[in-house]
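Q: The following block contains the structure, expressed as structure tokens.
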Amino acid sequence: MAQALVRFLTAQKTIVDGETVPIFAGVFAIFGHGNVAGMGEALYQARETLPTYRAHNEQSMAHAATAYAKAMRRRRMMACTTSIGPGATNLVTAAAVAHVNRLPLLLLPGDVFANRRPDPVLQQLEDFGDGTATPNDAFRPVSRYFDRITRPEQIIPALARAMTVLTDPADCGPVTLALCQDVQAEAYDYPASFFEERVWTSRRPRPDEDELAAAVAALKAARKPVIVTGGGTLYSQAEDALAAFAGKHGIPVGETQAGKSAIAVDNPLGMGAIGVTGTAAANNMAEEADLVLAVGTRLQDFTTGSWALFKADTHRIVGLNTQPFDAAKHRALPLVCDARVGLELLSSALGDWKAPAEWTQKAVSGRQDWLKTAARYTDASNAELPSDAQVIGAVQRAGKPSDIVVCAAGGLPGELHKLWQAGAPGGYHMEYGYSCMGYEIAGGLGVKMAEPDREVIVMVGDGSYLMANSEIATSIMAGAKLTIVVLDNRGYGCINRLQRATGGESFNNLLRDTRHDVLPDIDFAAHAASLGAHAVKVKSLAELEAAVTAARGHSRTSVVVIDTDPLESTDAGGAWWDVAVPEVSQRREVEAAHAAYVQKKTLQRVGD
């Protein structure tokens, strides 16, 4: 069965830039007793046609596979196989990341013996009331499709369904096929048709005529329209269509975390980031907007300011999305279709209609004002402990337009969202759908595998680095050179700031505020060097620029460490975020924060 599964995967193809290529670029594998005899032997036989990559952590390898799919804009993907037990359950967090971000990921964890003869096998959990339950059931809520293979012939319909989900623009997400370890090794007379080559191409659904007409009418009635562009724009390769639409009709564009880099940094209608971590330019326009064209976005709370950002009483939302679930959120007029097709058809139907000139000009002026503001935060400085923004500025100055910056959780995503200038589509790779600490370095590995000719710069805090750093070694082993910038603020600085903002005392976030006998003095450069990286600690922003520049010439992964200020952040721009504050407290600071919270909640447009 395992051999048949692998042979099936090698027969699946797609078309990228006019060339027919395997849709599965490879398999990340960590072997154990639950998959080494079955999947291990099968992958060995196919090692020349379906490369197998050895990782150091199951969660991290699935993050790398997810990042690869995102960087490839869902056109190609990877699979991951593990043993049963902790190897399998280590994948669950990564599955959730792929699920939230609508990314294809094939997970092949080992499972218990279907025949149950040796039960309980090593690493098998026993449910006292359900003989069919295994820990792999934890994948059900984080998979778009889940199946447990208990007979060898079951992979025939299961893999057909898996490919449909993995390549569907609306249902795309992780697929889990839990492989009972005895069944992996069982033989079956599979039909030759099961192994025939199949080419999967991107489907571009067209909109319903009535939905299109309603969207056109809503746009034509608007006086202050804005566009919110999400990750779906990039997945659709619709950045040119977006720029053409915005320019022709004079509509400003705000970018979500997933949508950033969809519009060029020098486009006069590109307002930059929108929402909680947004620019003043984008958020000022959003507050006045009477029409929001939401293109390929989930409209999560960071984008909408917890539904307090769009303040106009008469505003309407047009949800242009391949997934009806997302298109109809918050009473939106749904326009269910591919982003590129939808924008092109909308533009054609609108004809020569343009937003009022004064609205367009306000956007252009607001953008210029924001760029001046942002520069003050990112300019060079001699600060002993620079801010995250100043580090971002230094890395940007040492960079090139083709660079890709990778990040995930903590304070850095907010600063990067506001301040990073992505020079090319895909140049901003942020995992902020699930905000998963530990994604950064593994994600950088996946991005580099997808984009080997572009420089990949990973920016990561000391907290995330300590959670997951082992794929530094994998990147060196795979020849996937990264530049990793570690910002050491000695703790979880972002959450400490949030804790303080909601009235709390600094507690259990910065290392100095933890229960401890001795504060750790971690030498991140020495640690990275021990994993094989070229590593250096710098003492200033000028040294940082020089080190990042030098890293381009290194043949292997470089790690640059700099100490930063845990309290400083960019206070310009941004929007409110709903973080519940206790109603009852013995501390006046919390009571004051709760009173402010109650007032802010009145701005939320519930159900809107």
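According to the working numbering, the stretch in the sequence shown is residues 58 to 665, in order. Glycine residues also receive a C-beta, built at the ideal position from the N, C-alpha and C atoms. Computed from a prediction, not measured in an experiment: that's the story for all the values here.
Reducing DSSP to helix, strand and coil, say where residue 286 ends up.
A: Residue state, collapsed to three classes: strand.
Q: So residue 630 and residue 475 are in contact, right, with Cβ under 8 Å, and what is the actual spacing, rounded?
A: Confirmed, about 5 Å.
Q: Hey, could you find the ends of the alpha helix (DSSP H) residue 520 is sitting in?
A: Here the alpha helix (DSSP H) through residue 520 covers 519-524.
Q: According to DSSP, is residue 561 part of a helix, a strand, or is it coil?
A: Residue 561 falls in the coil class under three-state DSSP.
Q: Give me the Cα-Cα distance between residue 246 and residue 68, rounded to the nearest whole angstrom.
A: Their Cα atoms are separated by approximately 18 Å.
Q: Which ranges does the alpha helix (DSSP H) cover as unbroken runs of at least 4 residues, wholly within the segment 93-172, from first to last along the chain?
A: Within the segment 93-172, the complete alpha helix (DSSP H) runs of at least 4 residues are 98-102, 115-128, 143-146, 149-157.
Q: Assuming residue 298 contacts residue 427 (C-beta within less than 8 Å), just tell me the rounded distance between them.
A: At roughly 25 Å, the Cβ-Cβ gap does not stay under 8 Å, so residue 298 and residue 427 are not in contact.
Q: Using only alpha-carbon positions, find the residue among 581, 618, 326 that is nearest to residue 596.
A: Checking every option, the nearest Cα to that of residue 596 belongs to 618.
Q: Alpha carbons only, please: which of 429, 557, 370, 453 is nearest the one belonging to residue 648?
A: The shortest C-alpha separation from residue 648 is found at 557.
Q: When the Cα of residue 477 is compared with those of 423, 256, 329, which residue comes out closest?
A: It is 329.
Q: Hey, out of 606, 79, 91, whose CA is closest to residue 59's CA?
A: Nearest option by C-alpha distance: 91.
Q: Is DSSP giving residue 76 helix, strand or coil here?
A: Reduced to three states, the DSSP call for residue 76 is strand.
Q: Where does residue 612 land, buried or exposed, given buried means 16+ other C-beta within 10 angstroms?
A: With fewer than 16 Cβ atoms within 10 Å of its Cβ, residue 612 is classed as exposed.
Q: Around the Cβ of residue 35, are there at least 16 other Cβ atoms within 10 angstroms (buried) or fewer (exposed)?
A: The displayed coordinates of the chain run from 58 to 665. Any statement about residue 35 would go beyond what the structure contains.
Q: With H, G and I counted as helix, E and B as strand and the rest as coil, what does DSSP make of residue 246?
A: Reduced to three states, the DSSP call for residue 246 is coil.
Q: Going by CA-CA distance only, name the one from 512, 546, 638 that's closest to residue 609.
A: Nearest C-alpha to residue 609: 512.
Q: Start and end of the alpha helix (DSSP H) containing residue 634?
A: First-last for residue 634: undefined, no H or E at that position.
Q: Assuming contact is defined by CB atoms lying nearer than 7 Å, are residue 500 and residue 156 in contact in what I supplied?
A: Not a contact, by the Cβ cut-off of 7 Å.
Q: At the level of alpha carbons, what is the spacing between residue 465 and residue 335?
A: Those two C-alpha atoms are separated by around 16 Å.
Q: Could you tell me which residues DSSP puts in a beta bridge with residue 69?
A: Answer by DSSP bridge pairing, in chain order: 255.
Q: Report yes or no: do three or more beta-carbon pairs, one from the segment 623-643 and one from the segment 441-458, lie closer than 8 Å?
A: Flag = yes, the segment 623-643 and the segment 441-458 touch.
Q: Is it true that the CB of residue 104 sits closer than 7 Å to the CB of residue 252?
A: No, the pair does not count as a contact, with Cβ atoms beyond the cut-off.
Q: Whose C-alpha, out of 232, 615, 178, is nearest the C-alpha of residue 533?
A: Of the listed residues, the one whose Cα sits closest to residue 533 is 615.
Q: Using only the alpha-carbon positions, how far apart do residue 191 and residue 114 sit?
A: When rounded, the distance between both Cα atoms is 21 Å.
Q: In its own chain, which residues sit with a C-beta less than 6 Å from the C-beta of residue 279, not counting the 5 before and 5 after it?
A: So the qualifying residues of the chain are 347, 348.
Q: Using the Cα positions of residue 318 and residue 176, report the straight-line distance between them to the nearest angstrom.
A: In a straight line, the C-alpha of residue 318 is about 52 Å away from that of residue 176.
Q: Can you find the residues in the same chain that come closer than 6 Å, C-beta to C-beta, to residue 467, ignoring five residues on each side of it along the sequence?
A: Once the five neighbours on either side are set aside, the close Cβ partners of residue 467 are 518, 551.
Q: Run through the DSSP bridge pairs and tell me what residue 272 is partnered with.
A: Residue 272 is not bridged to any residue.
Q: Could you tell me which residues DSSP pairs with residue 594 in its beta bridges?
A: Answer is 618, bridged to residue 594.
Q: Measure the alpha-carbon distance for residue 102 versus residue 96 and round it to whole angstroms.
A: Approximately 10 Å, taken between the alpha carbons.
Q: Is it the case that the segment 561-579 contacts the segment 400-410, given that we only count it when at least three CB pairs across the two stretches are under 8 Å?
A: Contact fails: fewer than three Cβ-Cβ distances are below 8 Å.
Q: From the DSSP output, which residues share a beta bridge with residue 494?
A: For residue 494, which the question treats as bridged, DSSP gives no partner whatsoever.
Q: Leaving aside the five residues before and after residue 222 along the sequence, list all residues of the same chain whose C-beta is less than 6 Å from its C-beta, in chain order.
A: Excluding positions up to five away in sequence, the list reads 201, 202, 228, 232.
Q: Sorted by chain position, which residues of the same chain lie with C-beta nearer than 7 Å to residue 620's C-beta, five sequence neighbours on each side aside?
A: Result list for residue 620: 442, 545, in chain order.
Q: From residue 170 to residue 163, what distance separates their C-alpha atoms?
A: Distance between the alpha carbons of residue 170 and residue 163 is about 21 Å.
Q: Quick check for students: name the residue ranges of the alpha helix (DSSP H) that lie wholly in the segment 532-584, counting only runs of 4 or more.
A: Within the segment 532-584, the complete alpha helix (DSSP H) runs of at least 4 residues are 550-558.
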